[in-house]
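Novice: Order-wise, the sequence lines are chains U and X.
Just so you know, our numbering puts 236 at position 236 of the first sequence, and the rest follows in order with no gaps.
To convert, count from 1 in the second sequence and add 239; that's our numbering.
The structure's right below; bear with me while I get my questions together.
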Amino acid sequence: MVNGENLKTLILIPAYNEGEGIARVIARVRQAVPDADILVVNDGSRDETAAAAASAGVIVVSHPFNMGYGVAIQTGYKYAFRHGYDFLAQIDADGQHDPECIPMLLAPVIAGETDFVIGSRFLEAGSYTPPLPRRIAMGFFRKLVSFLTGTAITDSTSGFQAFNREVIRYFTRDSFPCDYPDADMLITIHRAGFRIRELPARMFVSPSGRSMHSGWKPFYYMFKMMLSIFVTLLRRRER
Amino acid sequence: MPLQQKIFALTVCMIVFAFTIELVRRRRLREEYSVLWLATSAIMFVLVLKYDWLVALTGLIGAGLPTTTLFIGAIIFLMLIAVQFSIKVSKLTDQVKNLAQENALLRGEIENVSREKGES
Numbered sequence: 001m002v003n004g005e006n007l008k009t010l011i012l013i014p015a016y017n018e019g020e021g022i023a024r025v026i027a028r029v030r031q032a033v034p035d036a037d038i039l040v041v042n043d044g045s046r047d048e049t050a051a052a053a054a055s056a057g058v059i060v061v062s063h064p065f066n067m068g069y070g071v072a073i074q075t076g077y078k079y080a081f082r083h084g085y086d087f088l089a090q091i092d093a094d095g096q097h098d099p100e101c102i103p104m105l106l107a108p109v110i111a112g113e114t115d116f117v118i119g120s121r122f123l124e125a126g127s128y129t130p131p132l133p134r135r136i137a138m139g140f141f142r143k144l145v146s147f148l149t150g151t152a153i154t155d156s157t158s159g160f161q162a163f164n165r166e167v168i169r170y171f172t173r174d175s176f177p178c179d180y181p182d183a184d185m186l187i188t189i190h191r192a193g194f195r196i197r198e199l200p201a202r203m204f205v206s207p208s209g210r211s212m213h214s215g216w217k218p219f220y221y222m223f224k225m226m227l228s229i230f231v232t233l234l235r236r237r238e239r
Numbered sequence: 240m241p242l243q244q245k246i247f248a249l250t251v252c253m254i255v256f257a258f259t260i261e262l263v264r265r266r267r268l269r270e271e272y273s274v275l276w277l278a279t280s281a282i283m284f285v286l287v288l289k290y291d292w293l294v295a296l297t298g299l300i301g302a303g304l305p306t307t308t309l310f311i312g313a314i315i316f317l318m319l320i321a322v323q324f325s326i327k328v329s330k331l332t333d334q335v336k337n338l339a340q341e342n343a344l345l346r347g348e349i350e351n352v353s354r355e356k357g358e359s
């Protein structure tokens, strides 16, 4: 990679029922970062996700049953930590994130300028605008997270991230918030002393049209996030 | 407390107590979960038998009737059991998650090894 010292980078793609689009995403990721290994964590998909990913020639780890996005990415972190990867970038399998942005997200982490980079759709002109209720909730958490971390964060729910081995190690612990790892996760790593930076990243409307935030879930999400931010602040800082 | 009520309450306490012991004996119930059940049935038993204590306790917590005290005791007990279960379920959820992740990673390793063997 950039430093050329045999540093290993892993691109993590958590996938659930993405059998149709996964091969295309993998191909584009490979084009964007040819030197990196690619890991697909198949979160108990009922379709051909695992087979499609395996035939694309990437590393595949399959959960025995569906456990959710947060657990899937943590499985990826555990894999990365055990196999000695120095850097990790993660990207959604639904084609929402533009793989061409990966090198740009990784660059400051590899250069050692920061520990954790989160890609924001709001800093990027070409990205889509989410529906109004979602924008209001996002705006609220944006203010709260920016205040609590002391860093301007515009897109705390973004799953488009890159970070170094220290953060990978930190995320393999039981304290990792597996049900919705976003706002409280950012606050936790800030309190653990990691440097966070937000960079613009291109995002599109999910082609499959599915979102984890639908139905009653936004209400539970708001509640869960408020509660977990609150208890995160009550906990002792640990690293 | 009328004799009829007393006999009924004592019988229920004894049945619960004996049933819990039997479950532990047959290893259907772990010792750690039997504690709350055994303690509650024992306390209820004593309170029904020693009616003076129950009346004193009723005065202490400001309840109107001694039977109310028993009901409150029962409700507190149920809440404790429910909380104990919630804690346990949370812990089990974590453990199942870790096991499933471990299973996935190990299966990945094994597939990797057997693929390499097949190639060489």
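Just so it is clear, CB atoms sit at the ideal spot from N, CA and C, and this is done for glycine as well.
Can you confirm whether the segment 191–199 of chain U touches the segment 139–153 of chain U when touching is taken to mean that 3 or more C-beta pairs between the two stretches lie within less than 8 Å?
Specialist: With a cut-off of 8 Å, the segment 191–199 of chain U and the segment 139–153 of chain U count as touching, because enough Cβ pairs lie within range.
Novice: Would you say residue 277 (chain X) reaches chain U, if we count a Cβ-Cβ gap shorter than 8 Å as a contact?
Specialist: Taking the first residue of the second sequence as position 1, residue 277 (chain X) is located at position 38. By this cut-off, residue 277 (chain X) is not an interface position.
Novice: Among residues of its own chain, excluding the 5 on either side of residue 52 (chain U), which ones have a beta-carbon nearer than 6 Å to its beta-carbon?
Specialist: For the purposes of this step, residue 52 (chain U) is identified with residue 52 of the first sequence, where counting begins at 1. The residues are 19, 22 and 23.
Novice: Residue 187 (chain U) and residue 232 (chain U) - do their beta-carbons sit closer together than 8 Å?
Specialist: The count along the first sequence starts at 1 and reaches residue 232 (chain U) at position 232. The count along the first sequence starts at 1 and reaches residue 187 (chain U) at position 187. Yes.
Novice: Can you tell me whether residue 253 (chain X) is buried or exposed, with buried defined as 16 or more other CB within 10 angstroms of its CB?
Specialist: Here residue 253 (chain X) corresponds to residue number 14 of the second sequence, with the count starting at 1. With fewer than 16 other Cβ atoms within 10 Å, it is exposed.
Novice: Quick one: measure Cβ to Cβ for residue 37 (chain U) and residue 201 (chain U), integer angstroms, because I've assumed they're closer than 8 Å.
Specialist: Within the first sequence, the letter at position 37 stands for residue 37 (chain U). Within the first sequence, the letter at position 201 stands for residue 201 (chain U). In fact, because the Cβ distance is near 21 Å, the residues do not count as touching under 8 Å.
Novice: Could you tell me the distance, in whole angstroms, from the CA atom of residue 168 (chain U) to the CA atom of residue 89 (chain U)?
Specialist: As a position in the first sequence, residue 168 (chain U) is number 168, starting the count at 1. As a position in the first sequence, residue 89 (chain U) is number 89, starting the count at 1. Those two C-alpha atoms are separated by around 10 Å.
Novice: At the level of alpha carbons, what is the spacing between residue 113 (chain U) and residue 318 (chain X)?
Specialist: In the first sequence, the residue the question calls residue 113 (chain U) occupies position 113. In the second sequence, the residue the question calls residue 318 (chain X) occupies position 79. Using only the alpha carbons, I get a separation of about 51 Å.
Novice: So with Cβ pairs under 8 Å, would you call residue 347 (chain X) a contact of chain U?
Specialist: Walking along the second sequence from the start, residue 347 (chain X) turns up at place 108. So, interface residue.
Novice: Output needed for residue 46 (chain U): all residues of its chain with C-beta closer than 7 Å, excluding positions within five of it in sequence on either side, in chain order.
Specialist: Counted from its first residue, the first sequence places residue 46 (chain U) at position 46. So the list reads 17, once near-sequence residues are dropped.
Novice: Would you give the residue range spanned by the alpha helix (DSSP H) that residue 100 (chain U) belongs to?
Specialist: To locate residue 100 (chain U), count along the first sequence from 1; it is residue 100. Premise fails: residue 100 (chain U) is in no alpha helix (DSSP H) and is neither H nor E.
Novice: Would you report the Cα separation of residue 222 (chain U) and residue 178 (chain U), rounded to the nearest angstrom?
Specialist: Position 222 of the first sequence holds residue 222 (chain U). Position 178 of the first sequence holds residue 178 (chain U). Taking the straight line joining both Cα atoms gives about 16 Å.
Novice: Under a CB-based cut-off of 8 Å, is residue 291 (chain X) close to chain U?
Specialist: Here residue 291 (chain X) refers to the residue found at position 52 when the second sequence is read from its first residue. Judged by the 8 Å Cβ criterion, residue 291 (chain X) is not in contact with chain U.
Novice: Mind checking whether residue 13 (chain U) and residue 107 (chain U) have CB atoms under 8 Å apart?
Specialist: The residue labelled residue 13 (chain U) in the question sits at position 13 within the first sequence. The residue labelled residue 107 (chain U) in the question sits at position 107 within the first sequence. Result no, Cβ atoms of residue 13 (chain U) and residue 107 (chain U) do not sit closer than 8 Å.
Novice: Taking a Cβ distance cut-off of 7 Å, strictly less, list which residues of the segment 323–335 of chain X are near chain U, in chain order.
Specialist: Hits within the stretch, in order: 333.
Novice: Excluding the 5 residues preceding and the 5 following residue 155 (chain U) in the sequence, name in chain order all residues of the same chain whose CB lies nearer than 6 Å to its CB.
Specialist: As a first step, residue 155 (chain U) must be located in the first sequence, where it is residue number 155. Same-chain partners within the cutoff: 120, 121 and 122.
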